[in-house]
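To keep things clear, I will list the structure first and then write my remarks on it.
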Amino acid sequence: MNILTSAPASGLMGDVKIPGDKSISHRSLIIGTLSIGETKVSGLLEGEDVLGTAEAMRQLGADIYKDDQGIWHIHGVGIGGLKQPKETIEMGNSGTSVRLIMGLIATHPLEITFTGDRSLSGRPMKRVTEPLREFGASFKGNEKGTLPITVRGTGDALPIKHHMKVASAQVKSALMLGALNTAGTSVIYEFIPSRDHTERMFRQFGVPITEEKITLESGVKATKITVTGQGELKPQVLNIPADPSSAAFPIVAALITKGSDITLKNIGLNPARTGLFITLQEMGADLTMQNKRLECGEPVADIRVRYSCLKAITVPKDRAPSMIDEYPILCAAAAHAEGVTVMRGLEELRVKESDRIAVMVEGLLASGVEVREHKNGMSIKGGRGVKGGCTVKTHLDHRIAMSFLILGMNAQEPISVDDGTVIETSFPSFTALFNTLGANIYSPMVQIYTPLKME
Ligand code: S3P
6 MNILTSAPAS GLMGDVKIPG DKSISHRSLI IGTLSIGETK VSGLLEGEDV
56 LGTAEAMRQL GADIYKDDQG IWHIHGVGIG GLKQPKETIE MGNSGTSVRL
106 IMGLIATHPL EITFTGDRSL SGRPMKRVTE PLREFGASFK GNEKGTLPIT
156 VRGTGDALPI KHHMKVASAQ VKSALMLGAL NTAGTSVIYE FIPSRDHTER
206 MFRQFGVPIT EEKITLESGV KATKITVTGQ GELKPQVLNI PADPSSAAFP
256 IVAALITKGS DITLKNIGLN PARTGLFITL QEMGADLTMQ NKRLECGEPV
306 ADIRVRYSCL KAITVPKDRA PSMIDEYPIL CAAAAHAEGV TVMRGLEELR
356 VKESDRIAVM VEGLLASGVE VREHKNGMSI KGGRGVKGGC TVKTHLDHRI
406 AMSFLILGMN AQEPISVDDG TVIETSFPSF TALFNTLGAN IYSPMVQIYT
456 PLKME
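Residue 460, in the working numbering, is where the sequence shown stops; the numbers in between run on with no holes.
Below, the structure is given as structure tokens:
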């Protein structure tokens with residue numbers, strides 16, 4: 006455990022370099038492994054989750070390394086070319102890694118056991134294993150459907166026709182990856198849009214994929230995605246945009262810290278990821294998107310952020326999938342916004358790295374913020390100052406740790422988190438970057454007394 010403390014900060018100033026997008030980084034390693042030849046990736050996020058995916062891809066036969074210029078090289082084995090690893094695949098804290106890679110393995114004749122840390126071992130996997138059975142894969146594990154799980158993939162997969170039951174890009178992507186080593190065309194119907202990084206990257210690597218907005222006979226609207234398998238993927242040169250979910254932390258920090266004026270470079274603005282930016286603008290945030298362009302098949306821009314007086318809003322429920330990872334940091338903004346911010350439609354937040362509704366409510370109450378927990382969300386009364394002076398439990402959740410350190414920047418007393426090491430998952434440069442901008446985040450001196458053992 007490594008306690009981190011955040012004490013009141015002065016205005017944040019300067020240009021900010023945010024690490025690469027986590028979702029796109031995972032996909033670049035996985036899809037690069039499935040092409041024959043060398044894929045080169047710059048801007049890869051070097052957080053624990055993504056490094057875990059790189060290690061898993063090595064176990065499956067890819068040659069992956071980083072050169073002196075910081076460019077990652079992936080020598081892929083091609084669709085159908087994955088090899089049987091000798092060991093279990095250990096996925097640490099990363100739900101995206103385990104769910105996407107299970108999809109991949111489901112249609113290869115391999116038998117692999119996946120394990121994870123305490124947080125990942127409590128997260129639901131049936132949402133992905135059940136639909137993957139439709140390809141002909143089988144799974145061994147416990148009744149609850151949590152890790153450890155052994156996947157027995159099939160070498161003779163049948164194409165699927167699947168109606169999505171949860172709004173989840175991880176489930177959709179697992180099925181799309183499974184479809185790659187399946188003869189014929191698999192069809193996925195998506196009813197609530199989720200991030201489409203896999204669709205964009207498939208197109209870039211030359212996978213035959215179609216996407217069409219349709220209305221089913223029942224009158225329900227859907228996106229119909231088709232993926233035709235067993236083609237050949239062409240290696241690519243990718244430049245990964247900065248992660249909007251990581252950018253959210255300095256953006257909110259600047260909005261709530263008087264005198265701030267920062268510019269974040271090269272931030273991904275995929276419309277399925279920009280819910281928080283829209284919400285903050287509705288709350289009165291001064292955000293300007295500059296220099297809009299395309300990188301890696303994704304829209305990007307530089308974002309200038311200035312301190313703003315925020316006012317509370319009710320966040321539309323249907324916006325949740327486009328900002329699902331951003332609710333913890335939105336809570337910090339809400340604590341400083343005049344009025345009651347209402348967030349609903351957040352059932353999925355209960356099965357993230359932690360139960361993010363319960364854990365945020367617990368930490369906000371400890372920090373002296375008025376908050377009410379709902380089954381599917383929370384309401385926060387803001388604009389009355391944040392007392393602080395507490396240590397918040399992070400429950401192995403990186404976004405909880407970072408959100409409370411941002412809240413501490415404007416509290417009357419410092420706020421600590423019990424374990425700062427979890428931030429390594431997605432934003433290893435977090436503390437150094439914030440301190441350069443003007444924050445005051447530090448590890449309090451801990452004196453460790455080890456009694457001498459008497460013989
Ligand atoms: C992700 C999808 C989201 C998100 C996660 C990354 C992805 O999860 O919360 O951090 O890369 O596909 P769900 O698919 O469970 O919504």
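The C-beta atom is built at its ideal place from N, Cα and C for all residues, glycine as well.
Specify the secondary structure class of Leu354 as computed by DSSP and reduced to three states.
helix
Could you name each continuous alpha helix (DSSP H) segment of 4 residues or more that falls completely within the stretch 289-363, going from the start of the chain to the end?
332-340
Thr441 versus Tyr332: straight-line alpha-carbon distance, rounded
25 Å
Closer than 8 Å: is that where the CB of His168 sits relative to any heavy atom of the ligand S3P?
no
Sub-9 Å separation of Pro164 and Ala188 beta-carbons:
It is a contact, given that the beta carbons lie within the stated cut-off.
Measuring only the C-alpha atoms, how far is Glu139 from Ala184?
Whole-angstrom Cα-Cα distance: 11 Å.
Considering only heavy atoms of the ligand S3P, does any lie closer than 8 Å to the CB of Asp360?
Every heavy atom of the ligand S3P is 8 Å or more from the Cβ of Asp360, so no.
Looking at C-beta atoms only, is the number of pairs between the stretch 61-70 and the stretch 315-324 that lie closer than 8 Å three or more?
no
Closest Cα partner of Lys263 within the set Ala247, Val310, Arg298 and Lys297
For Lys263, the closest C-alpha among the options Ala247, Val310, Arg298 and Lys297 is that of Val310.
Nearest-angstrom Cα separation, counted from Val397 out to Ser408:
10 Å
Output needed for Val366: all residues of its chain with C-beta closer than 7 Å, excluding positions within five of it in sequence on either side, in chain order.
Val376, Glu378 and Met383
Excluding sequence positions up to five away, which residues of its chain have a Cβ less than 7 Å from the Cβ of Asp72?
His78
Between Ile69, Gly425 and Met130, which has its C-alpha nearest Gly121's C-alpha?
Met130
Quick one: give me the first and last residue of the alpha helix (DSSP H) that Val55 is part of.
Glu53 to Gln64
Would you say the beta carbon of Met18 is closer than 8 Å to some non-hydrogen atom of the ligand ATP?
As presented, the structure is devoid of the ligand ATP, carrying the ligand S3P as its sole ligands.
Exposed or buried, what is Ala437 when buried is set at 16 or more other beta-carbons lying within 10 Å of its beta-carbon?
exposed
Determine, using beta carbons only, whether Thr101 and Pro449 come nearer to each other than 9 Å.
Cβ distance not < 9 Å, so Thr101 and Pro449 don't count as in contact.
Heavy atom of the ligand S3P less than 8 Å from the Cβ of Glu353, yes or no?
yes
Let's test the definition: count the other Cβ atoms within 10 Å of the Cβ of Arg361 and tell me whether it reaches 16, buried, or not, exposed.
buried
For Glu27, is the beta carbon positioned less than 8 Å from some heavy atom of the ligand S3P?
Rather than Glu, the amino acid found at residue 27 in this sequence is Lys. Yes, Cβ of Lys27 sits closer than 8 Å to a heavy atom of the ligand S3P.
Same chain, Cβ closer than 8 Å to Met6, neighbours up to 5 away in sequence not counted
Asp423, Asp424 and Thr426
Beta strand (DSSP E) segment containing Asn445, residue limits:
Asn445 to Tyr447
Kindly give me the distance between the Cβ atoms of Tyr312 and Gly16, rounded to whole angstroms, as I take these residues to be in contact under 8 Å.
Sure, about 7 Å apart at Cβ, within 8 Å.
Cutoff 7 Å; reference Cys301; Cβ partners in own chain excluding five residues on either side
Contacts found: Ile29, Leu243, Asn244, Ile245 and Pro246.
Under 8 Å from any heavy atom of the ligand S3P, does the C-beta of Val176 make it?
yes
DSSP on Glu367, reduced to helix/strand/coil?
DSSP, read as helix, strand or coil, puts Glu367 in helix.
Between which residues of its own chain and Ile23 is the CB-CB distance below 7 Å, once the five residues before and five after are set aside?
For Ile23, where only same-chain residues beyond five positions count, the Cβ hits under 7 Å are Ala247, Asp248, Ser251, Ala252, Leu269 and Ile272.
Would you mind listing the beta strand (DSSP E) stretches within the stretch 155-243 that are 3+ residues and don't spill past its ends, in chain order?
166-168, 190-195, 214-220 and 226-233
Using the Cα positions of Leu260 and Glu343, report the straight-line distance between them to the nearest angstrom.
When only Cα atoms are considered, Leu260 and Glu343 end up about 13 Å apart.
How would you label Gly75, buried or exposed, when you count the other beta carbons within 10 angstroms and need 16 or more for buried?
exposed
Return the residue from the list Arg104, Ser199 and Met169 that minimises the CA-CA distance to Ile193.
Met169
Going straight from the alpha carbon of Gly286 to that of Ile267, what length do you get?
Gly is not the amino acid found at residue 286; the sequence shown has Gln there. Whole-angstrom Cα-Cα distance: 16 Å.
Is there contact here, the stretch 218-225 with the stretch 37-49, by at least three beta-carbon pairs under 8 Å?
no
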